[in-house]
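*Asks:*
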Amino acid sequence: MNASRPIRTPAELVDTGLAATRDLPGIEAVAERYAIAISPAMAALIDRHDPSDPIARQFVPDPAELNVTPDERADPIGDLAHSPVEGIVHRYPDRVLLKAVHVCPVYCRFCFRREMVGPQGLGTLSPEAMDRAFSYIADHPEVWEVILTGGDPLVLSPRRLGEITARLAAIDHVKIVRFHTRVPVVEPERIDEALISALKASGKTTYVALHANHSRELTPEARAACARLVDAGIAMISQSVLLKGVNDDADTLAALMRAFVETRVKPYYLHHPDLAPGTSHFRLSIEEGRALMASLRGRISGLCQPTYILDIPGGYGKAVIGPDALRADGGSITVSDFKGGEHAYPPSE
Ligand SMILES: *Cc1c(COP(=O)(O)O)cnc(C)c1O
Ligand code: SF4
0 MNASRPIRTP AELVDTGLAA TRDLPGIEAV AERYAIAISP AMAALIDRHD
50 PSDPIARQFV PDPAELNVTP DERADPIGDL AHSPVEGIVH RYPDRVLLKA
100 VHVCPVYCRF CFRREMVGPQ GLGTLSPEAM DRAFSYIADH PEVWEVILTG
150 GDPLVLSPRR LGEITARLAA IDHVKIVRFH TRVPVVEPER IDEALISALK
200 ASGKTTYVAL HANHSRELTP EARAACARLV DAGIAMISQS VLLKGVNDDA
250 DTLAALMRAF VETRVKPYYL HHPDLAPGTS HFRLSIEEGR ALMASLRGRI
300 SGLCQPTYIL DIPGGYGKAV IGPDALRADG GSITVSDFKG GEHAYPPSE
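Quick note on numbering that gives the first Met the number 0: the sequence shown kicks off at 0 and runs consecutively.
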C-alpha cells in the first residue's frame, strides 16, 4: 500500500481493502469502460467497515455502472452541440467553457462527462488548439466570463495554469475567470502559493467553484486549502450533485451546505444528476429533489441555500427546478412558506 499516490486499478482497490476479491470480475468490466482514480486523501476518508459509505459510493467502481438505461446518453448535457472550436463550449452568450484537460484527480462514478474524461478521453488540448480557443474568446467581445472546466483544470501545473490566466488577462472584455474543480477537497496539498498565484489573472476577478457532495469531504486539510484560496482574494462557490445513497436526505444536505458556508464557500448549485451512461443507481426523482430543497428552506440559514438545477438533456442549458414558491391565480399569486402553508399576495385583507 502506497498512500502517496492514487488508486487506479481494480487490483489496487482489492489490495487497499476498498473492494472484495469476489467483486473483481465486475469491477474489471467497469474498468474497461471508465477511468478509475481515488486520491490518497479520499482513500483515507473511506470507512472500510461501512458498506454504504458515501465517499466510497462516489469513487469506488460498482458493477451497476454496466447497466445503461434507454434514456441515458454519452453527451448528456449536449456539450458537442455547442462547441464552435475544440475545447470551447459556448451555450450562453456571455460565458464560455474552456476545457483544456480531460483528466481528473479522482473519477466520480456518476460523472456527467464520463465518456470524455480519463486516460481514454478527449486528452489535453494541443498548443495549436489552445491558440484557436483563445482566438475564439478574443474574437467574441460578448464573452464576459471564461469557465475553466474539463476534466479538472487544477491538475495542470502552476506554470501551465499561469500561461492560461496570463492569456485571459490580455483579453479586455473578459472580466471573470472561473475554475470548476475538486482539487481543494481531493488533493488539498496541491493548493500552494504557486498554484494560487497562477489562478489569479491580472486585472480580472477569479472565482473557484468547488465540487463536493458530502460534509465529510470538507476535512480539516480541505478547509485549510479553501482558506488559503479565500485569504488570497479568490471568491469561492460550491457545486454538488444530488446523489442517491450519498446525500439524498435533509440532514446530510444541511450538513454539507453548512460545511461550505463555514469554509467561506457560498453554496451555488445543487445539480440533479445527469443522464450519463450507467448512473441510474444514483438518480432520484425531481419530486424527491424538490421535497429535499423545500425542507432546507426553514431548516438552515439563507446563506446555506443552493439553487436546484437541471441541465436539460440535448444542450438546452440549465433550468432552475427548485421547489415552487409561487403559483399564479388570476390577478394574485400564491406563495408557499417553508412549512408548506400557502399565502395569497397581495394579502386578501
Ligand atoms: C453550466 C454551464 C455554464 C455555467 O453556467 P452558470 O449558470 O453561469 O454557472 C456555462 N456554459 C455551459 C456550456 C454550461 O454547461
Ligand atoms: S471531477 Fe468532475 S469531471 Fe472529473 S470525474 Fe468528477 S464529475 Fe467528472
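Note that CB positions come from ideal geometry on N, CA and C, so glycine has one too.
Run through the region 156 to 203 for me and flag every whole alpha helix (DSSP H) of 4 or more residues, listed as ranges in chain order.
*Replies:* The region 156 to 203 contains these whole alpha helix (DSSP H) runs: 157 to 168, 182 to 185 and 192 to 198.
*Asks:* Enumerated in chain order, which unbroken segments of the alpha helix (DSSP H) with a length of 4 residues or greater are wholly contained in the region 51 to 120?
*Replies:* The region 51 to 120 contains these whole alpha helix (DSSP H) runs: 53 to 58.
*Asks:* Reducing DSSP to helix, strand and coil, say where I285 ends up.
*Replies:* The answer is helix: DSSP assigns I285 an H, G or I state.
*Asks:* Where do the N-terminal and C-terminal ends of the alpha helix (DSSP H) with D130 fall, by residue?
*Replies:* Unbroken alpha helix (DSSP H) run through D130: P126 to A137.
*Asks:* Following the continuous alpha helix (DSSP H) through V319, name the residue where it begins and the one where it ends.
*Replies:* Not the alpha helix (DSSP H): V319 falls in the beta strand (DSSP E), residues G316 to V319.
*Asks:* Note down, one range per segment and in chain order, each beta strand (DSSP E) of at least 3 residues found wholly within the region 197 to 278.
*Replies:* Within the region 197 to 278, the complete beta strand (DSSP E) runs of at least 3 residues are 204 to 210, 234 to 240 and 265 to 270.
*Asks:* Since H280 contacts L309 with CB under 8 angstroms, what's their CB separation in whole angstroms?
*Replies:* About 19 angstroms separates the two Cβ atoms, so there is no contact after all.
*Asks:* Can you tell me whether S3 is buried or exposed, with buried defined as 16 or more other CB within 10 angstroms of its CB?
*Replies:* Classification of S3: exposed, given that the 10 Å Cβ count is below 16.
*Asks:* Under 8 angstroms: does the beta carbon of F111 sit that close to some heavy atom of ligand 2?
*Replies:* Checking every heavy atom of ligand 2 against the Cβ of F111, one is found closer than 8 angstroms.
*Asks:* Between the region 234 to 245 and the region 277 to 293, are three or more C-beta pairs nearer than 8 angstroms?
*Replies:* Touching, yes.
*Asks:* Give the DSSP-derived three-state secondary structure of I299 in the structure shown.
*Replies:* If DSSP states are grouped into helix, strand and coil, I299 belongs with coil.
*Asks:* Under a three-way DSSP split, which group does M0 fall into?
*Replies:* Note that M0 scores a pLDDT of 46, beneath 50, so its modelled location is shaky and nothing firm can be said.
*Asks:* Just to confirm before moving on: does the CB-CB distance between I350 and V182 stay below 9 angstroms?
*Replies:* The shown model of the chain, from 0 to 348, leaves out residue 350, and the question about it has no answer.
*Asks:* Could you check if D273 is buried or exposed, using at least 16 other CB atoms within 10 Å of its CB as the buried criterion?
*Replies:* It counts as buried.
*Asks:* Which two residues bound the contiguous beta strand (DSSP E) that contains R326?
*Replies:* Taken as a continuous stretch (DSSP letters only), the beta strand (DSSP E) holding R326 covers L325 to D328.
*Asks:* Taking 8 angstroms as the cut-off, is the C-beta of R90 nearer than that to any heavy atom in ligand 1?
*Replies:* Yes - ligand 1 has a heavy atom lying nearer than 8 angstroms to the Cβ of R90.
*Asks:* Nearest-angstrom Cα distance between R72 and G277?
*Replies:* Cα to Cα, the separation comes out at about 9 angstroms.
*Asks:* Indicate the three-state DSSP secondary structure (helix, strand or coil) for A18 in the structure shown.
*Replies:* DSSP places A18 in coil when its eight states are reduced to three.
*Asks:* In the structure shown, what three-state DSSP assignment does H364 receive?
*Replies:* Here the chain covers residues 0 to 348 and nothing more, so residue 364 does not appear.
*Asks:* Taking only beta-carbon positions, decide if I54 is within less than 9 angstroms of chain D.
*Replies:* The structure shown contains no chain D; it holds only a single protein chain.
*Asks:* I'd like to know if the region 220 to 230 and the region 113 to 120 are in contact, where contact means that at least 3 CB-CB pairs between them fall below 8 angstroms.
*Replies:* Flag = no, the region 220 to 230 and the region 113 to 120 do not touch.
*Asks:* In this structure, how does DSSP classify I35 when only helix, strand and coil are distinguished?
*Replies:* It is coil, neither helix nor strand.
*Asks:* Please report how far the alpha carbon of M0 lies from the alpha carbon of H139, in whole angstroms.
*Replies:* With a pLDDT of 46 at M0, under the threshold of 50, the predicted position of this residue should be treated as unreliable, though the coordinate-derived value follows. Approximately 50 angstroms, taken between the alpha carbons.
*Asks:* Tell me whether R55 is buried or exposed, calling it buried when 16 or more other Cβ atoms sit within 10 Å of its Cβ.
*Replies:* Checking the displayed sequence, the identity of residue 55 turns out to be Ala instead of Arg. It counts as buried.
*Asks:* I'd like the span of the beta strand (DSSP E) that includes D310, first residue to last.
*Replies:* Element bounds for D310: T306 to I311.
*Asks:* Mapping the DSSP letters down to three states, classify S294 as helix, strand or coil.
*Replies:* If DSSP states are grouped into helix, strand and coil, S294 belongs with the helices.
*Asks:* On the criterion of 16 or more Cβ atoms from any shown chain inside 10 Å, does E127 qualify as buried, or is it exposed?
*Replies:* With fewer than 16 other Cβ atoms within 10 Å, it is exposed.
*Asks:* Would you tell me roughly how many angstroms separate the C-alpha atoms of W143 and T20, rounded to the nearest one?
*Replies:* Distance between the alpha carbons of W143 and T20 is about 51 angstroms.
*Asks:* Nearest by alpha-carbon distance to D171: which of R158, D323 and F133 is it?
*Replies:* Minimum Cα distance to D171 is reached at F133.
*Asks:* Between P266 and I236, what straight-line distance do the alpha-carbon atoms span, to the nearest angstrom?
*Replies:* Taking the straight line from one Cα to the other gives about 6 angstroms.
*Asks:* Where does I146 fall in DSSP's three states?
*Replies:* Correct three-state label for I146: strand.
*Asks:* Do you know offhand how far V184's Cα is from L97's?
*Replies:* So the two alpha carbons sit approximately 22 angstroms from each other.
*Asks:* DSSP puts H342 in a beta bridge; with which residues?
*Replies:* DSSP output for H342 lists V334 as bridge partner(s).
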